[in-house]
Amino acid sequence: MKRNDYISWDDYFMGISLLSGMRSKDPSTQVGACIVDKNNRIVSIGYNGFINGCSDEDFPWTRDGEFLETKYPYVVHAEQNAILNARGKSLEGCSIYVNLFPCHDCARNIIQSGIKKVYYLVDKYADTDSIKASKYMFNKANVELIQLKPSMDKIEIEFK
Ligand SMILES: Nc1nc(=O)n([C@H]2C[C@H](O)[C@@H](COP(=O)(O)O)O2)cc1CO
Ligand SMILES: [Zn+2]
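Encoded structure:
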């Protein structure tokens, strides 16, 4: 008889996003994204981090102060890394699973890449203009927004 306590596709893909986010060196917000096609095949994964091929030590993780001395102009968002890690493969009709609601810049990239569904967990910056612009664009572009309610509080992974 088959197991009944296997995880759902949605929990699986969001779990993979969160696992990917654990690679992030951002001390305040770790974001992971997982892009999945219509056949439930993972097409790409990403997390927020600094640009490739440079030392992470060359950039600051600071949030406040002079713009150029903060992380904001330099960090690549999880969703953008996931899109770019697909290396030009078609993302038409795909879904993206991301633990934090995408900003306006990621929203533009998600829409332009052909992704049609965004599954997210939290929307902690909902009151910012960035997220308002993001939702406006997603709605205009008919991208479905789904706040995932996982069927479990946590997934434990044991290395043994
Ligand atoms: N959807 C997102 N994907 C992301 O990868 N990020 C990244 C950019 C920063 O590294 C961090 C946000 O930093 P903070 O402002 O919460 O300290 O998360 C942020 C958002 C927010 O919309
Ligand atoms: Zn973003």
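Taken in order, the sequence shown gives residues 0 to 159; the numbers are from numbering that gives the first Met the number 0.
We put the beta carbon where it would ideally sit given N, CA and C, even for glycine.
With a beta-carbon spacing of about 7 Å, G48 and N80 fall inside the 8 Å limit used to define contacts.
In the structure shown, S43 falls within a strand segment according to DSSP collapsed to helix, strand and coil. Take N39, set aside five residues on each side of it, and the residues of its chain with a beta-carbon closer than 7 Å to its own are W8, in chain order.
Looking at the DSSP output, E143 sits in a beta bridge with K116. By the CB criterion at 9 Å, C93 and K123 fall outside the cutoff. For S129, the CB contacts under 7 Å within the same chain, skipping 5 residues up- and downstream, are C102, H103 in chain order.
Per DSSP, L67 lies in no beta strand (DSSP E) and is assigned neither H nor E. In this structure, ligand 1 has a non-hydrogen atom nearer than 8 Å to the beta-carbon of D25.
Distances between the C-beta of S129 and the heavy atoms of ligand 1 include at least one below 8 Å. Comparing C-alpha distances from V97 to each of I154, E68, D63, I109 shows the shortest one belongs to I109.
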